[in-house]
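Number of protein chains: 2
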Amino acid sequence: MDKQIDQSTTNPQASRKSTGLRQVAAVAGVSTATVSRVLNNPESVSEGLRTRVLMVIDQLGWVPNAAARALSSNRTGAIGAIFPALGVGDFARAIDAMQDALAARNYLLLLARSRYDAALELVQARKLVERGVDGLILVGSTRSQDYEQFLRRLSIPYINSFVFDADSAIPCVGPDNARAMAEMVDYLVSLGHRRFGMIAQTNRNNDRAAARRDGVRDALARYGLAIPPQAMVEGEWSIAEGRKLLRQVLATSPRPTAIICGNALLAIGAVLEAAEMHIVLPRDLSIVGYDDTELMSELPQPITTVRVASDRVGKLAADLIVDMLEGQTSVSGARIPSEIVVRSTTGPAPQD
Amino acid sequence: MDKQIDQSTTNPQASRKSTGLRQVAAVAGVSTATVSRVLNNPESVSEGLRTRVLMVIDQLGWVPNAAARALSSNRTGAIGAIFPALGVGDFARAIDAMQDALAARNYLLLLARSRYDAALELVQARKLVERGVDGLILVGSTRSQDYEQFLRRLSIPYINSFVFDADSAIPCVGPDNARAMAEMVDYLVSLGHRRFGMIAQTNRNNDRAAARRDGVRDALARYGLAIPPQAMVEGEWSIAEGRKLLRQVLATSPRPTAIICGNALLAIGAVLEAAEMHIVLPRDLSIVGYDDTELMSELPQPITTVRVASDRVGKLAADLIVDMLEGQTSVSGARIPSEIVVRSTTGPAPQD
DNA sequence: TTGTAAGCGTTATCAA
DNA sequence: TTGATAACGCTTACAA
Chain Z
1 MDKQIDQSTT NPQASRKSTG LRQVAAVAGV STATVSRVLN NPESVSEGLR
51 TRVLMVIDQL GWVPNAAARA LSSNRTGAIG AIFPALGVGD FARAIDAMQD
101 ALAARNYLLL LARSRYDAAL ELVQARKLVE RGVDGLILVG STRSQDYEQF
151 LRRLSIPYIN SFVFDADSAI PCVGPDNARA MAEMVDYLVS LGHRRFGMIA
201 QTNRNNDRAA ARRDGVRDAL ARYGLAIPPQ AMVEGEWSIA EGRKLLRQVL
251 ATSPRPTAII CGNALLAIGA VLEAAEMHIV LPRDLSIVGY DDTELMSELP
301 QPITTVRVAS DRVGKLAADL IVDMLEGQTS VSGARIPSEI VVRSTTGPAP
351 QD
Chain Y
1 MDKQIDQSTT NPQASRKSTG LRQVAAVAGV STATVSRVLN NPESVSEGLR
51 TRVLMVIDQL GWVPNAAARA LSSNRTGAIG AIFPALGVGD FARAIDAMQD
101 ALAARNYLLL LARSRYDAAL ELVQARKLVE RGVDGLILVG STRSQDYEQF
151 LRRLSIPYIN SFVFDADSAI PCVGPDNARA MAEMVDYLVS LGHRRFGMIA
201 QTNRNNDRAA ARRDGVRDAL ARYGLAIPPQ AMVEGEWSIA EGRKLLRQVL
251 ATSPRPTAII CGNALLAIGA VLEAAEMHIV LPRDLSIVGY DDTELMSELP
301 QPITTVRVAS DRVGKLAADL IVDMLEGQTS VSGARIPSEI VVRSTTGPAP
351 QD
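Chains Z and Y, in that order, give the protein sequences. Okay, so the first sequence: first residue is 1 according to my numbering, each after it adds one. Okay, so the second sequence: first residue is 1 according to my numbering, each after it adds one.
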């Protein structure tokens with residue numbers, strides 16, 4: 001009796017440890033090294049042993065312990081990404097694509113959110129590094145000194161996304177925000193517009209928004225034009241703000257004939273508010289946005305906007321960082337092209 | 001000279017290993033156990049040593065290695081969550097709140113996406129468990145046999161979110177989907193509606209959508225009413241589908257006077273399409289949605305809908321799973337209340 | 001309150 | 001191709 005009861009506890013093989021690589025090795029009658037090789041370097045094991053080990057693994061239902069693996073190999077197979085927001089337009093699409101691309105190459109995506117807060121972003125980066133991510137995907141390219149220093153000391157690769165700078169020392173994957181906006185300005189000027197307003201996305205810790213604003217400013221300057229300070233306002237990311245800010249911009253005199261919005265929701269808000277003010281687009285006013293979400297084309301008045309293939313940003317960023325880790329020779333960034341999608345909110349400038 | 005130059009490389013202390021807990025201990029003149037305690041159980045260390053150790057940690061810029069920690073303690077401090085989609089309405093809000101709540105309690109959120117695919121969800125769950133998550137937050141409560149078995153064998157806790165079932169053996173945090181819809185039906189019936197149509201979200205691997213549909217059906221049955229098969233259609237999650245399906249439902253005869261949509265985008269599409277068909281809401285037709293995104297109230301015609309505090313779902317789910325891990329006594333689920341938000345798309349049923 | 005030292009479950013080096 | 005065995009960087013009995 002006693003013996004039977006105690007068996008599971010006293011039997012050294014059974015009791016010592018739950019199923020682990022050691023147990024697999026014991027049952028298969030091979031060394032632990034061989035089991036490990038079957039997983040990480042199957043070609044280096046003879047076929048006979050390989051199939052035998054795989055059978056035992058399956059039979060025992062063994063699942064390797066990621067922590068032990070990470071500790072021993074100094075790699076986790078996880079990539080960290082820090083986004084200002086996760087559920088928002090282009091980021092959401094990029095994240096989906098990124099996750100798929102990483103999964104396809106057997107990496108896990110660890111997501112963090114910085115809320116457009118520089119200090120929080122550094123905290124998040126630290127946490128991800130603690131977790132042992134093998135690489136880091138960041139958004140933008142402008143950072144604090146502390147942050148720069150932290151990154152430089154890192155022994156893991158990282159890249160910038162949603163920006164593109166050919167001269168950057170670290171790889172970038174994204175659109176050229178300034179250029180995209182410059183193209184939009186070219187288009188509007190070609191329609192005869194000379195008086196502009198802008199409902200920009202706030203610049204706070206957002207170099208993409210800043211680049212878009214600069215792109216507009218510089219492009220206008222090339223035509224000898226400028227946006228008067230009162231007609232240049234900023235908001236975050238909401239329809240309500242777009243509505244409010246449109247009224248603000250239209251209150252300036254002389255009234256702009258074209259208004260450039262810094263993101264999709266601001267543009268939607270502006271267009272909806274214009275309708276409520278009985279302003280007819282594009283007869284009385286042209287409005288454009290940035291980012292081409294489903295809403296931009298499905299609302300009663302489809303909105304002219306800049307389209308960036310965010311899913312390509314995500315996929316390429318993921319592939320790039322993995323390439324860097326796996327020692328590909330040619331790892332450089334990529335400029336994701338942007339295009340102007342002309343819809344019904346833009347037309348010739350009204351005659352004075 | 002030589003000595004100075006070589007110091008950093010030959011000094012055994014400096015060269016042997018990069019900064020680790022051992023080095024911190026050496027520099028602070030304490031044992032490794034004390035350093036560990038300072039991090040994990042600060043009260044058990046005298047104040048003098050504690051501050052000394054903390055200074056050294058800061059000075060050396062030491063970052064603990066999560067893998068080693070996990071291996072040694074058998075806890076990772078990570079919670080896994082699997083959502084059908086990440087960037088969509090209520091899930092996006094819940095994820096944000098979840099992440100904040102977990103961070104506040106020093107846990108990391110590991111996100112995975114199942115795309116409403118049952119097989120993929122099980123794969124994701126396996127991966128998260130391999131990674132060593134301490135707990136799992138799932139969406140819904142209906143799963144395949146394999147999946148159920150996998151979860152039962154797990155030694156870590158898990159919970160269901162976005163559903164509520166008081167009788168469930170495992171904790172649920174979410175709204176009562178059926179009840180929310182039943183309340184909507186009560187409201188519409190009280191307005192005199194008797195002929196209903198439904199643009200449901202597809203049921204495929206989505207027990208929330210199924211519950212909402214059942215909720216509508218059962219509530220109508222209590223009034224002796226039913227939706228004819230042709231007036232019951234389903235779509236995924238897009239404005240375009242909402243538009244198309246509205247036409248389909250309105251083509252049935254007799255024409256419904258009230259149409260219930262299974263999610264926000266379907267409702268928005270239906271309302272926009274109605275406007276294009278010159279159908280005046282709510283005079284000619286009432287339309288309601290589910291989920292209260294910003295768009296539901298900001299579009300030209302604000303839409304009557306069900307509001308669920310998704311951020312509370314996220315926060316409570318996070319707190320609940322951590323409570324379970326930290327051995328709180330009373331861990332039970334929570335029903336998150338829902339409410340009907342009446343806007344301009346609903347009114348008395350038109351007279352025949 | 002503090003220290004000693006034995007793991008935790010893998011990988012990877014070296015020999016065979 | 002395979003096997004022994006020493007790390008990997010922490011946590012945690014147990015002892016002092």
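Just so you know, even glycine gets a beta-carbon here, dropped at the ideal spot from N, CA and C.
Buried or exposed (CB count within 10 angstroms, at least 16 for buried), residue i
i, result
"residue 190 of chain Z", "exposed"
"residue 116 of chain Y", "buried"
"residue 176 of chain Z", "buried"
"residue 106 of chain Y", "exposed"
"residue 10 of chain Z", "In this prediction, residue 10 of chain Z scores a pLDDT of 35, lower than 50, which makes its location untrustworthy; no coordinate-derived value is stated."
"residue 353 of chain Z", "Examination of residue 353 of chain Z is not possible in this model, given that chain Z is present from 1 through 352 alone."
"residue 263 of chain Z", "buried"
"residue 223 of chain Y", "exposed"
"residue 110 of chain Z", "buried"
"residue 333 of chain Y", "buried"
"residue 99 of chain Z", "buried"
"residue 247 of chain Y", "exposed"
"residue 146 of chain Z", "exposed"
"residue 228 of chain Z", "exposed"
"residue 242 of chain Y", "buried"
"residue 55 of chain Y", "exposed"
"residue 433 of chain Z", "Absent from the structure is residue 433 of chain Z, since the part of chain Z shown begins at 1 and ends at 352."
"residue 153 of chain Y", "exposed"
Residues of its chain near residue i, where Cβ-Cβ distance is below 6 Å and the 5 sequence neighbours each way are ignored
i, result
"residue 188 of chain Y", "258"
"residue 193 of chain Z", "257, 258, 349"
"residue 203 of chain Z", "209, 210"
"residue 1 of chain Z", "Note that residue 1 of chain Z has pLDDT 29, beneath the 50 cutoff, so the model's placement of it is unreliable and no number is given."
"residue 303 of chain Y", "267, 271, 289, 296, 343, 345"
"residue 337 of chain Y", "none"
"residue 252 of chain Z", "230, 231"
"residue 37 of chain Y", "44, 45"
"residue 35 of chain Z", "21, 24, 25, 53"
"residue 181 of chain Y", "212, 215, 216"
Residue of the options minimising C-alpha distance to residue i
i, options, result
"residue 269 of chain Y", "Y:283, Y:301, Y:256", "Y:301"
"residue 196 of chain Y", "Y:31, Y:255, Y:71", "Y:255"
"residue 296 of chain Y", "Y:144, Y:345, Y:62, Y:318", "Y:345"
"residue 125 of chain Y", "Y:144, Y:104, Y:151", "Y:151"
"residue 324 of chain Z", "Z:305, Z:336, Z:284, Z:171", "Z:171"
"residue 351 of chain Y", "Y:282, Y:41, Y:143, Y:185", "Y:282"
"residue 235 of chain Z", "Z:40, Z:249, Z:299, Z:173", "Z:249"
"residue 165 of chain Z", "Z:142, Z:183, Z:185", "Z:142"
"residue 128 of chain Y", "Z:308, Z:39, Z:103, Z:219", "Z:103"
"residue 240 of chain Z", "Z:265, Z:133, Z:217, Z:181", "Z:265"
"residue 88 of chain Z", "Z:185, Z:199, Z:237, Z:131", "Z:237"
Other residues of its chain near residue i: CB distance less than 7 Å, five sequence neighbours each side excluded
i, result
"residue 321 of chain Y", "79, 135, 137, 157, 159"
"residue 120 of chain Y", "114"
"residue 279 of chain Z", "285"
"residue 317 of chain Y", "98, 137, 159, 161, 173"
"residue 42 of chain Z", "50"
Limits of the alpha helix (DSSP H) - the one that residue i falls within
i, result
"residue 242 of chain Y", "239-250"
"residue 51 of chain Y", "47-60"
"residue 177 of chain Y", "177-190"
"residue 328 of chain Y", "Per DSSP, residue 328 of chain Y belongs to no alpha helix (DSSP H) and is neither H nor E."
"residue 130 of chain Y", "118-130"
"residue 196 of chain Y", "Element bounds for residue 196 of chain Y: not the alpha helix (DSSP H) but the beta strand (DSSP E), 196-201."
Boundaries of the beta strand (DSSP E) in which residue i is found, first to last residue
i, result
"residue 158 of chain Y", "158-161"
"residue 173 of chain Y", "172-174"
"residue 149 of chain Z", "No beta strand (DSSP E) contains residue 149 of chain Z, which is instead part of the alpha helix (DSSP H) from 145-153."
"residue 275 of chain Z", "Unbroken run through residue 275 of chain Z is the alpha helix (DSSP H), 264-276; no beta strand (DSSP E)."
"residue 341 of chain Y", "338-341"
Residues near residue i in its chain [Cβ-Cβ closer than 8 Å; skip 5 each side]
i, result
"residue 19 of chain Z", "60, 61, 62"
"residue 206 of chain Y", "84, 116, 140"
"residue 118 of chain Z", "143, 144, 147, 205"
The stretch 44-53 of chain Y touching the stretch 73-93 of chain Y, judged by at least three CB pairs closer than 8 Å:
no
With contact counted as at least three CB pairs below 8 Å, one residue from each stretch, are the stretch 302-315 of chain Y and the stretch 159-175 of chain Y in contact?
Yes, since at least three Cβ pairs between the stretch 302-315 of chain Y and the stretch 159-175 of chain Y fall closer than 8 Å, the two stretches touch.
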